[in-house]
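> Take the sequence shown: its letters are residues 1 to 517, numbered as in full-length UniProt numbering. Following this message is one structure expressed as structure tokens.
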Amino acid sequence: MTLKPHQSYLTTLKKYFGYDSFRGDQQDIVEAVVNKNDCLVVMPTGGGKSICYQLPSLLLEGVTLVVSPLIALMKDQVDGLKANGIAAAFFNSSQSSGTQQDIIEQVATGKLKLLYVAPESLQGVHYVLNEKNISCIAIDEAHCISSWGHDFRPSYQQLGFLKASLPNTPVIALTATADKATREDILQQLKIPRAKQFIASFDRKNIELEVRPANNRLTQIIRFINKRPNESGIIYCLSRKATEQVAKKLKTNGVNAASYHAGLNYEERSKVQEDFIFDKTQIVCATVAFGMGIDKSNVRWVIHYNLPKNIEGYYQEIGRSGRDGLKANALLFHSYADVIQLRNFARGASNEAVQIAKLERMQQFTEATTCRRKILLGYFGELLEANCGNCDVCKNPPQFFDGTIIAQKILSAIYRLKGSEASGMVIDVLRGAHNAAVMEKGYTDLKTFGIGSDIAWKDWQQYIIQLINQGYCEIAFHKHNALQLTEFSKKVLFEGAKVALTKPVDYNEIKKIAEKE
Ligand code: ADP
Ligand code: ZN
């Protein structure tokens, strides 16, 4: 009797991985790969991406090539697969040439199902990279290919050659973190423009979101920890020095904390990780180097002592809490000093404009007056219709008024400008500014020109941010930060949806008060 495909997928899942059912989109993805479709999989960390290429590798003839930047984790992954009876190996520069030769032979003779290779080491296996040997190409951490992404790695940029030289081999790109622009860039660079996209929901309802001004951070943190005795947590800091200072301060207050950063040697870092995983250390104060590949389900909270560089990073970091699905907390401290410092870091980078634009989105998130989860999900292209009820804004809502007309004005200006202008020009058009750029482009003839001269420039700016935060329009980072309409805009422009806005806040005033404290 031949098995129906979905039956054989389940049998294989049970036999090799011991699971009784697929999670989320796993089965559809497996099927797409087995049927040789290119795929892009975006799933949160812990969502179960590995099965999406490991299972097809067992059903396809030949070797699945897995490109992964995490050399440190390859051995563990391969050992895990072998323990499940799957022929797997890794290939990297730490191996002797004898071992490398042996692995290449195993590929050529069809003895392997999975081969993990770092992008830098692909050159070493290039003679066995042909369609006879290779059944599928999996690109893990695929966001590393894109300079729009937050963790760009030049070694990823050459990976387009894989599809170019093996055009009939399916490519499956996987990542836990990619906004729309990054996703488009991944498809283009990997030369898989028609890939099937599987975007899992990013909603982690169990994580309570909160943002506070950074005044007296340490006192606030100690109070927060004292309310949560014995709960595991991570405190992310911008600098090595800060991780050490915060850990020291906590220890002098009797809290069981350690610090972690790239300045520690390998043994020291491993020890901190292990002690944390095995609950010997309650709290780790760390730079963002901490957490990649750490599988600890009972992290109860994540604090950002400093402002993260961008929303992708923030979301990935808070996502390390509450993996067990139980209640977790994410607390972010917001300070203007951090914004300035991060701006300075971005200056001179090859993708400076992108970094600054992403930082501005991060800042807008902290200043939000609407449900923070809506903003986060909106950032990843997911629309949450109702407020989440589990963030500080939902729990303590500001006063709203009916901003439908204001929203309509903004959105129709964006529409008339064909989504080609950044917010500054949109505001100039609304306010009817007669400056050189407006005149030159003939915008004075637009129907929306001057329909908002009654509202101050800075207030328009905040209203636009509120609309972005609510998903009614978006910034196209790859088109000079032009404001564009979204699927959601139609509801306001054509379907009579009401939009709630809050009165603009005078941030200069707040800043002055914050500086005095
Ligand atoms: P990701 O790569 O997306 O971070 P992994 O592939 O490492 O996630 O999977 C995360 C965890 O979920 C692992 O412990 C894995 O064993 C488990 N897992 C994956 N798929 C399933 C499934 N269908 N049923 C039960 N557990 C699963
Ligand atoms: Zn909310």
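The beta-carbon is built from N, C-alpha and C at its ideal position, and this holds for glycine as well. All values derive from a computational prediction rather than experimental measurement.
What separation, rounded to the nearest whole angstrom, lies between the Cα atoms of Asn-435 and Gly-442?
Along the sequence shown, one-based indexing puts residue 435 at 435. Along the sequence shown, one-based indexing puts residue 442 at 442. Between Asn-435 and Gly-442, the C-alpha separation is close to 11 angstroms.
> Kindly identify the DSSP beta-bridge partner or partners of Glu-421.
Taking the first residue of the sequence shown as 1, we reach residue 421 at position 421. Answer is none; Glu-421 lacks a bridge partner.
> For Gly-403, tell me which candidate among Tyr-53, Thr-502, Lys-296, Tyr-19 has the shortest Cα-Cα distance.
Numbered from its first residue, the sequence shown carries residue 403 at position 403. Shortest Cα-Cα distance from Gly-403 to any of Tyr-53, Thr-502, Lys-296, Tyr-19 involves Thr-502.
> Thinking Val-117 and Asn-133 are a contact (beta carbons under 8 angstroms), I'd like their distance in whole angstroms, please.
As a working note, residue 117 is residue 117 in the sequence shown. As a working note, residue 133 is residue 133 in the sequence shown. By a beta-carbon distance limit of 8 angstroms, Val-117 does not contact Asn-133. Their separation comes to about 13 angstroms.
> For a test of your reading of the model: does the CB of Arg-23 fall under 7 angstroms from any non-hydrogen atom of ligand 1? Yes or no.
For the purposes of this step, residue 23 is identified with residue 23 of the sequence shown, where counting begins at 1. Arg-23: yes, Cβ under 7 angstroms from ligand 1.
> Go through the region 165-235 residue by residue and report every complete run of the beta strand (DSSP E) that reaches 3 residues or more, in order.
171-175, 196-199, 207-213
> Among Lys-36, Ser-297, Lys-196, Ser-50, which one has its Cα closest to the Cα of Leu-13?
Taking the sequence shown and counting its residues from 1, one reaches residue 13 at position 13. Taking only the C-alpha atoms, the option nearest Leu-13 is Ser-50.
> If you reduce the DSSP assignment to three classes, tell me which class Cys-136 lands in.
The residue labelled residue 136 in the question sits at position 136 within the sequence shown. Shown here, Cys-136 sits in a strand according to DSSP, grouped into three states.
> Taking 8 angstroms as the threshold, find out whether the region 112-131 comes into contact with the region 77-93 through three or more Cβ pairs.
With a cut-off of 8 angstroms, the region 77-93 and the region 112-131 count as touching, because enough Cβ pairs lie within range.
> Can you tell me which of Arg-343, Ser-350, Asn-351, Leu-376 puts its alpha carbon nearest to the alpha carbon of Glu-360?
To locate residue 360, count along the sequence shown from 1; it is residue 360. Cα-wise, what sits closest to Glu-360 is Arg-343.
> For the beta strand (DSSP E) containing Gln-100, list its first residue and its last residue.
Stepping through the sequence shown from its first residue, residue 100 is reached at position 100. Segment 97-108 is the alpha helix (DSSP H) holding Gln-100; no beta strand (DSSP E) there.
> Please report the distance separating the alpha-carbon of Asp-79 from that of Glu-352.
For the purposes of this step, residue 79 is taken as the residue at position 79 of the sequence shown. For the purposes of this step, residue 352 is taken as the residue at position 352 of the sequence shown. If I take the Cα positions, the gap works out to 40 angstroms.
> Do you know offhand how far Gln-95's Cα is from Leu-122's?
Residue mapping note: residue 95 aligns to position 95 of the sequence shown, counting from 1. Residue mapping note: residue 122 aligns to position 122 of the sequence shown, counting from 1. Rounded to whole angstroms, Gln-95 to Leu-122 spans 14 angstroms at the Cα level.
> Would Gly-471 pass as a contact of Gly-450 if the rule is Cβ separation under 8 angstroms?
Looking up residue 471 in the sequence shown gives position 471. Looking up residue 450 in the sequence shown gives position 450. No.
> Note down, in chain order, each residue of its chain lying with its Cβ closer than 6 angstroms to the Cβ of Asp-275, except the 5 sequence neighbours on either side.
Locating residue 275 in the sequence shown gives position 275, where the first residue counts as 1. Counting only Cβ-Cβ distances below 6 angstroms, and skipping sequence neighbours, we find Thr-281.
> I'd like to confirm something about Lys-14: is its beta-carbon nearer than 7 angstroms to some heavy atom of ligand 1, or not?
Looking up residue 14 in the sequence shown gives position 14. Checking every heavy atom of ligand 1 against the Cβ of Lys-14, none is found closer than 7 angstroms.
> Please name the residue or residues paired with Asp-402 in a DSSP beta bridge.
Numbered from 1 along the sequence shown, position 402 holds the residue referred to as residue 402. Answer by DSSP bridge pairing, in chain order: Ala-500.
> With 16 other CB atoms within 10 Å as the buried threshold, where does Lys-75 fall?
Within the sequence shown, the letter at position 75 stands for residue 75. Classification of Lys-75: exposed, given that the 10 Å Cβ count is below 16.
> Can you determine whether any heavy atom of ligand 1 sits closer than 7 angstroms to the C-beta of Gly-46, and answer yes or no?
By 1-based counting over the sequence shown, the position of residue 46 is 46. Yes, the Cβ of Gly-46 comes within 7 angstroms of a heavy atom of ligand 1.
> What does the Cβ neighbour count give for Glu-515, buried or exposed, with the cut at 16 atoms within 10 Å?
On the sequence shown, residue 515 is found 515 positions in, with the first residue counted as 1. Because the pLDDT of Glu-515 is 48, which lies under 50, any placement of that residue in the model is unreliable, and the number read from its coordinates should be weighed accordingly. With fewer than 16 other Cβ atoms within 10 Å, it is exposed.
> With 16 as the cutoff for other CB atoms within 10 Å, does His-304 come out buried or exposed?
For the purposes of this step, residue 304 is taken as the residue at position 304 of the sequence shown. Buried is the call here.
> So what does DSSP say about Thr-252, is it helix, strand or coil?
Against the sequence shown, residue 252 aligns to sequence position 252. When DSSP states are grouped into helix, strand and coil, Thr-252 belongs to the helix group.
> Going by the DSSP bridge assignment, what does Glu-268 pair with across the sheet?
Locating residue 268 in the sequence shown gives position 268, counting from the first residue. DSSP, once it has assigned bridges, lists no residue as partnering Glu-268.
> Taking C-alpha atoms, which residue in Cys-136, Arg-23, Asp-20 lies nearest to Val-33?
The residue labelled residue 33 in the question sits at position 33 within the sequence shown. Minimum Cα distance to Val-33 is reached at Cys-136.
> Bridge partners of His-304, per DSSP?
Position 304 of the sequence shown, counted from the first residue, corresponds to residue 304. His-304 pairs with Tyr-236, Leu-332.
> Would the beta-carbon of Arg-269 be found less than 7 angstroms away from any heavy atom of ligand 2?
Within the sequence shown, the letter at position 269 stands for residue 269. False, no ligand heavy atom lies under 7 angstroms from that Cβ.
> Would you kindly work out how many angstroms separate the C-alpha atoms of Tyr-9 and Lys-479, rounded to a whole number?
For this step, residue 9 is matched to residue 9 along the sequence shown. For this step, residue 479 is matched to residue 479 along the sequence shown. Going by the C-alpha atoms only, they are around 42 angstroms apart.
> For the alpha helix (DSSP H) containing Ser-489, name the first residue and the last one.
Within the sequence shown, numbered from 1, the residue matching residue 489 stands at position 489. That run of the alpha helix (DSSP H) goes 489-493.
> At which residue ranges does the region 19-80 contain complete beta strand (DSSP E) runs of 3 or more residues, listed in the order of the chain?
39-42, 63-67
> Could you tell me whether any non-hydrogen atom of ligand 2 is closer than 7 angstroms to the CB of Val-42?
Mapped onto the sequence shown, residue 42 falls at position 42. No, the beta carbon of Val-42 sits no closer than 7 angstroms to any heavy atom of ligand 2.
> Looking only at its chain, what residues have a beta carbon closer than 7 angstroms to the beta carbon of Leu-162, apart from the 5 residues adjacent to it on each side?
If you number the sequence shown from 1, residue 162 lands on position 162. So the qualifying residues of the chain are Ile-137, Val-171.
> Which residues does DSSP list as the beta-bridge partners of Phe-91?
Counting from 1 along the sequence shown, the entry for residue 91 is found at position 91. BP columns for Phe-91 point to Val-117.
> Express the C-alpha separation of Thr-252 and residue 527 in angstroms, rounding to a whole number.
With the chain covering 1 to 517 only, the question about residue 527 has no answer from this structure.
> At which residues does the alpha helix (DSSP H) containing Cys-394 begin and terminate?
For the purposes of this step, residue 394 is taken as residue 394 along the sequence shown, with counting starting at 1. Where Cys-394 is concerned, the enclosing alpha helix (DSSP H) stretches over 392-395.
> Helix, strand or coil: how does DSSP classify Tyr-260 here?
Your numbering for residue 260 matches position 260 in the sequence shown. In the structure shown, Tyr-260 sits in a strand (DSSP, three-state: E or B).
> Rounded to a whole number of angstroms, what is the C-alpha to C-alpha distance between Asp-102 and Val-125?
Taking the sequence shown and counting its residues from 1, one reaches residue 102 at position 102. Taking the sequence shown and counting its residues from 1, one reaches residue 125 at position 125. Computed Cα separation, rounded: 11 angstroms.
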